[in-house]
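S.K.:
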Amino acid sequence: YNSTDNKFNNDSILDVNRNQSNYKNYKRVRRQTKSTNKAKAKIEDICDSNECETYGKLYKQLIDTSVDPCHDFYDYVCGKFTKSTVIPENMVSFGALERADEKVTQIVKRELSESHKRCDSKSIKYATNLYIGCTDFAKLESRGIKPLINALNSIGGWPLIPNTVFNGKTYDRFHALSLVIANFALSSIIEIGVQPDIRDNRKNILYLGSAPDLSLEWKKRWNRRNRTRLMVPIIPTIADDNMNSMDEIKMIREFVLTQCLIMGAKDSVRTLQQIDELFMFSSRLESIQTEETNLDMVYNKMTFKQLNALSSNKMDWVSLINNIYRMSGTNVRFTKEDHLIVTDIQYFTKLPQILLKTPNRVIANFLGFSVVQMLSDYTIKKFRQMDFELQKSLTGITTPPEDWKLCVELVDGLMPFATSRKYIENNFDLRAKRKSTELVNYIQKAFYKSLQTNPVLEKSTRTMTLAKVKQMTKNVGYPDWLFDDRTLDSMYNLDMECNKDKTFECILHLLKRSVYTNFKSIDEPVNATLNWPFAPTTVNAAYFPTFNSIINNTNFYSIVHNVAVPASLINTFFNCDNPSYINYATLGLIIGHEITHGFDSSGSQFNEKGNLGTIWDKPTQRRFNQKENCFINQYNNYCDSGFCVSGENTKTENTADNGGLRNTFKAYKMCNHNGEKPKRLPHVSQYTPDQLFFISYATLWCDNIRPEALESVYESDEHSPPRARVNGVLANSNCFATAFNCPINSTMNPKNKCVLW
230 YNSTDNKFNN
240 DSILDVNRNQ
250 SNYKNYKRVR
260 RQTKSTNKAK
270 AKIEDICDSN
280 ECETYGKLYK
290 QLIDTSVDPC
300 HDFYDYVCGK
310 FTKSTVIPEN
320 MVSFGALERA
330 DEKVTQIVKR
340 ELSESHKRCD
350 SKSIKYATNL
360 YIGCTDFAKL
370 ESRGIKPLIN
380 ALNSIGGWPL
390 IPNTVFNGKT
400 YDRFHALSLV
410 IANFALSSII
420 EIGVQPDIRD
430 NRKNILYLGS
440 APDLSLEWKK
450 RWNRRNRTRL
460 MVPIIPTIAD
470 DNMNSMDEIK
480 MIREFVLTQC
490 LIMGAKDSVR
500 TLQQIDELFM
510 FSSRLESIQT
520 EETNLDMVYN
530 KMTFKQLNAL
540 SSNKMDWVSL
550 INNIYRMSGT
560 NVRFTKEDHL
570 IVTDIQYFTK
580 LPQILLKTPN
590 RVIANFLGFS
600 VVQMLSDYTI
610 KKFRQMDFEL
620 QKSLTGITTP
630 PEDWKLCVEL
640 VDGLMPFATS
650 RKYIENNFDL
660 RAKRKSTELV
670 NYIQKAFYKS
680 LQTNPVLEKS
690 TRTMTLAKVK
700 QMTKNVGYPD
710 WLFDDRTLDS
720 MYNLDMECNK
730 DKTFECILHL
740 LKRSVYTNFK
750 SIDEPVNATL
760 NWPFAPTTVN
770 AAYFPTFNSI
780 INNTNFYSIV
790 HNVAVPASLI
800 NTFFNCDNPS
810 YINYATLGLI
820 IGHEITHGFD
830 SSGSQFNEKG
840 NLGTIWDKPT
850 QRRFNQKENC
860 FINQYNNYCD
870 SGFCVSGENT
880 KTENTADNGG
890 LRNTFKAYKM
900 CNHNGEKPKR
910 LPHVSQYTPD
920 QLFFISYATL
930 WCDNIRPEAL
940 ESVYESDEHS
950 PPRARVNGVL
960 ANSNCFATAF
970 NCPINSTMNP
980 KNKCVLW
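Counted the way our numbering counts, the sequence shown spans residues 230 to 986.
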């Protein structure tokens, strides 16, 4: 593997090992392939396009014919990759999604590096200046930590360091909390935001929840793909006393101590005492949170007066929320009779008592800590180097990412549609939007057809379920309004230009205006056209039930019955000139996966309009649970390197993988392939188009992960690891077993299969 150009090198690919121990297996696989494809492919049956040539060479390099595909299909397709691929030194894992994200990052860098034009929109000019200013690291260094100190002073100071304005006697904790939310867009202690009402998504309403980042997941905020499986908590739960957790706590204590010393702390012992207080406060807040999958329990609509009563009238919530709104610059004010949705009853019942028992010093340290972790990287190099050293200890990376990538993450995270506009203008084949929409339509039709005879559904339930599939909307590529300057600028509501010499202040302005834009929408009708939760530069897709759509990225449940397929994902896994089996097995699989989420344990709680309200009766729910348990038991048996998959934690993703693959293959067989019979690939012409579909699917998950990160993948990721995502899904597929002629009860063709959708 050549890590410089991210390509396989013929010289570095392991030759097929035909020694005595595996030669019988090798011959059996060759006989199997030949028997499956009785006649040698004719020249006219082989695709001769450049795309086919590329894929043919790639698959020839990838496939290890010494492995029995009916025993371990992941090793058959990905074994060479995992053995010979060197993970880049600054990455935790490396596979198709990482390569895609790296490519998008490079393109966004190129687009942002070019000086803006006079005719560019206000937002694009701001984004360009922000990137150029962010990458002027000499300027950031010369300004030092003063901008960060000023930010801390603006919220009443940070007791952990002596050179801020904190005064324990005059400190107003609720004023400081209001500033942290309104000026820094931080969800600290509480989270508030305006989203469509999940029982009536035509109307916006205020949500109040426990802060999602109480565990303060490491640098999660601006990660474009938001692949949290490899994120580590910056404050682990103190109660978790296993050795790994305690080692992490020790490292993180030292990390925060070093930050404080850089910023002027003198007494290490006293500073560590305050850091421990901060950790304990975080753990107390986390201990009163509830994790609820039943959204009826999350939806608690009440008046502010009722919320005050819930908190035993120890907090004046209407005054606090109005203060936050006032600081954000919006004119909206609430009364005690106005309604909001509270997502965690227990949290807001117990929160006032915890706050009353917590000194101002600890509250100020907690709020200031959130600000420092979010903004310190945009000051001096020492902070960025510290981040790397901690990640090195926790994940095994050996070199830091290039500094400019931090700036791409910043701009693309804060102004995703501005960067997407530049990305689309110069890097997207507009034909692909129409063609990939056709692909989505075929998968939607295949899913609809599948549900017509699915035995899980009762007759009455089937009618409503089919209506939900039929009414699912699609957001493919990019929103049409992206090229309208006025609409684009309205997404950010900027009222100043970005001075390239004051990057820190530009960031703060964006944060505050993002809060303003969200808060003012409380008086505005829901505009589903504008509601694109994923930017086109996001290398991901999603399903969100509330607008019955695939796409949205909020911390509440305001999502739509909609399928979203961003342009960067299309660029990566779709080409108008690819054979259809490749497009369907890669991009199509991702789309099918997300559509299936509309009918998992969460998505099934929303109806065809995207409003909270189950569409299933009790017999359907009972059969669904039985089928889901099959997947739980199956995936519990997948283990590797001393770790085992949790079938319970990964059940929704596993059912989505399985349903997505099954219905995407049906869609592939339904489509007209541009009026032509699918052709084979050169260099691997022994494989039929159906076999190439499953090979293409497996390549999507060829991935190498650092050993240091494996525990995090198995314990905290809601997705199964790559090997299980391939073998687990294909072991449940009769179509796969037929394509590769797998004997019944072979590993990849068990007699008893798990099938839901």
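We put the CB at the ideal spot given by N, CA and C, even for glycine.
In the DSSP assignment, find the alpha helix (DSSP H) that holds residue 655 and state where it starts and stops.
M.R.: Residue numbering aside, residue 655 sits at position 426 when the sequence shown is read from its first letter. Unbroken alpha helix (DSSP H) run through residue 655: 645–656.
S.K.: Would you check if the stretch 803–810 and the stretch 700–717 touch, i.e. whether three or more CB-CB distances between them fall below 8 Å?
M.R.: no
S.K.: Pair every Cβ in the stretch 705–713 with every Cβ in the stretch 646–659, then say whether three or more of these pairs are closer than 8 Å.
M.R.: yes
S.K.: Flag this pair as touching only if the stretch 477–495 and the stretch 402–410 have three or more C-beta atom pairs under 8 Å; answer yes or no.
M.R.: no
S.K.: Measuring alpha carbon to alpha carbon, tell me which residue in 877, 847 and 834 is nearest residue 427.
M.R.: The residue you call residue 427 lines up with position 198 of the sequence shown. The residue among 877, 847 and 834 with its C-alpha nearest the C-alpha of residue 427 is 834.
S.K.: Assign residue 509 to one of three DSSP states: helix, strand, or coil.
M.R.: Mapped onto the sequence shown, residue 509 falls at position 280. Helix.
S.K.: According to DSSP, is residue 193 helix, strand or coil?
M.R.: Residue 193 lies beyond the residue range present for the chain, which begins at 230 and ends at 986; the question has no answer from this structure.
S.K.: Can you tell me whether residue 290 is buried or exposed? The criterion is at least 16 other CB atoms within 10 Å of its CB, across all chains shown.
M.R.: In the sequence shown, counting from the first residue as 1, residue 290 sits at position 61. When all chains shown are included, residue 290 counts as buried.
S.K.: To the nearest angstrom, report how far apart residue 503 and residue 313 are at their CA atoms.
M.R.: By 1-based counting over the sequence shown, the position of residue 503 is 274. By 1-based counting over the sequence shown, the position of residue 313 is 84. Their Cα atoms are separated by approximately 47 Å.
S.K.: Pull the bridge partners of residue 420 from the DSSP assignment, please.
M.R.: One-based indexing of the sequence shown puts residue 420 at position 191. DSSP, once it has assigned bridges, lists 438 as partnering residue 420.
S.K.: For the beta strand (DSSP E) holding residue 684, just list the boundary residues, first then last.
M.R.: By 1-based counting over the sequence shown, the position of residue 684 is 455. Neither: residue 684 is in no beta strand (DSSP E) and is coded neither H nor E.
S.K.: Is it right to say residue 435 is buried, meaning 16 or more other beta carbons lie within 10 angstroms of its own, or is it exposed?
M.R.: The count along the sequence shown starts at 1 and reaches residue 435 at position 206. Per the 10 Å Cβ criterion, buried.
S.K.: Going by DSSP, which residues form a beta bridge with residue 568?
M.R.: As a working note, residue 568 is residue 339 in the sequence shown. Partner(s): 532.
S.K.: Taking the runs of the alpha helix (DSSP H) that are 4 residues or longer, which of them lie wholly in the stretch 571–625?
M.R.: 574–585, 589–604 and 610–624
S.K.: Would you identify the three-state DSSP class for residue 286, choosing helix, strand or coil?
M.R.: One-based indexing of the sequence shown puts residue 286 at position 57. In this structure, residue 286 counts as helix in the three-state DSSP scheme.
S.K.: Give the secondary structure of residue 872 by DSSP, where H, G and I count as helix, E and B as strand, and everything else as coil.
M.R.: Locating residue 872 in the sequence shown gives position 643, counting from the first residue. Looking at residue 872 - three-state DSSP - the assignment turns out to be strand.
S.K.: Mind pulling the alpha helix (DSSP H) runs of 4 or more residues that sit fully within the stretch 815–880?
M.R.: 818–826 and 847–865
S.K.: Looking only at its chain, what residues have a beta carbon closer than 6 Å to the beta carbon of residue 298, apart from the 5 residues adjacent to it on each side?
M.R.: Here the question's residue 298 lines up with position 69 in the sequence shown. Its chain contains 305 and 969 as the residues whose beta carbon lies nearer than 6 Å to that of residue 298, once the 5 sequence neighbours on both sides are disregarded; these appear in chain order.
S.K.: Return the first residue and the last residue of the beta strand (DSSP E) that residue 793 is part of.
M.R.: In the sequence shown, residue 793 corresponds to position 564, counting from 1. In this chain, the beta strand (DSSP E) harbouring residue 793 covers 791–795.
S.K.: If you draw a straight line from the C-alpha of residue 971 to the C-alpha of residue 930, how long is it?
M.R.: Taking the sequence shown and counting its residues from 1, the one referred to as residue 971 is at position 742. Taking the sequence shown and counting its residues from 1, the one referred to as residue 930 is at position 701. About 21 Å.
S.K.: Can you give me the C-alpha to C-alpha distance between residue 852 and residue 478, rounded to a whole angstrom?
M.R.: Reading the sequence shown from its first residue, position 623 is the one you call residue 852. Reading the sequence shown from its first residue, position 249 is the one you call residue 478. When rounded, the distance between both Cα atoms is 44 Å.
S.K.: Report buried or exposed for residue 701, applying the criterion of at least 16 other Cβ atoms within 10 angstroms of its Cβ.
M.R.: As a first step, residue 701 is located in the sequence shown; it is residue number 472 there, counting from the start. Buried, since its Cβ has 16 or more Cβ neighbours within 10 Å.
S.K.: Is there contact between the stretch 670–688 and the stretch 889–904, where contact requires at least three CB pairs shorter than 8 Å?
M.R.: yes
S.K.: Do the stretch 358–374 and the stretch 388–395 touch if we need at least three Cβ pairs shorter than 8 Å?
M.R.: no
S.K.: Mind checking residue 522: buried by the 16 CB within 10 Å criterion, or exposed?
M.R.: As a working note, residue 522 is residue 293 in the sequence shown. Burial call: exposed.
S.K.: Among the residues of its own chain, which have a CB less than 6 Å from the CB of residue 519, if the five just before and after it don't count?
M.R.: Walking along the sequence shown from the start, residue 519 turns up at place 290. So the list reads 573 and 575, once near-sequence residues are dropped.
S.K.: Using the Cβ count rule (16 or more neighbours within 10 Å means buried), how would you classify residue 424?
M.R.: The residue labelled residue 424 in the question sits at position 195 within the sequence shown. When all chains shown are included, residue 424 counts as buried.
S.K.: For residue 739, which of 957, 281 and 356 has the nearest alpha-carbon?
M.R.: Within the sequence shown, the letter at position 510 stands for residue 739. Nearest of 957, 281 and 356 to residue 739, Cα basis: 356.
S.K.: Would you report the Cα separation of residue 196 and residue 414, rounded to the nearest angstrom?
M.R.: Within the shown structure, residues of the chain are numbered from 230 to 986, placing residue 196 beyond reach of any answer.
S.K.: At least one CB of chain D closer than 9 Å to the CB of residue 684: is that the case?
M.R.: Included in the structure is just one protein chain, with no chain D present.
S.K.: Taking only the alpha-carbon atoms, compute the straight-line gap between residue 433 and residue 558 and give it to the nearest angstrom.
M.R.: The residue given as residue 433 occupies position 204 in the sequence shown. The residue given as residue 558 occupies position 329 in the sequence shown. So the two alpha carbons sit approximately 19 Å from each other.
S.K.: Who are the Cβ neighbours of residue 863 in its own chain at under 6 Å, not counting the five residues just before and after it?
M.R.: In the sequence shown, residue 863 corresponds to position 634, counting from 1. So the qualifying residues of the chain are 983.
S.K.: Closest to residue 686 by CA distance: which of 846, 660 and 547 is it?
M.R.: Residue 686 sits at position 457 when you count from the first residue of the sequence shown. Measuring from the Cα of residue 686, the nearest candidate turns out to be 846.
S.K.: Here's the rule: buried if 16 or more other CB atoms are within 10 angstroms of the residue's CB, otherwise exposed. What is residue 505?
M.R.: Taking the sequence shown and counting its residues from 1, the one referred to as residue 505 is at position 276. Result: exposed.
S.K.: With distance defined between alpha-carbon atoms, name the residue in 481, 616 and 340 nearest to residue 507.
M.R.: In the sequence shown, residue 507 corresponds to position 278, counting from 1. The shortest Cα separation from residue 507 among 481, 616 and 340 belongs to 481.
S.K.: The alpha helix (DSSP H) that contains residue 412, what's its start and end?
M.R.: One-based indexing of the sequence shown puts residue 412 at position 183. That run of the alpha helix (DSSP H) goes 402–413.
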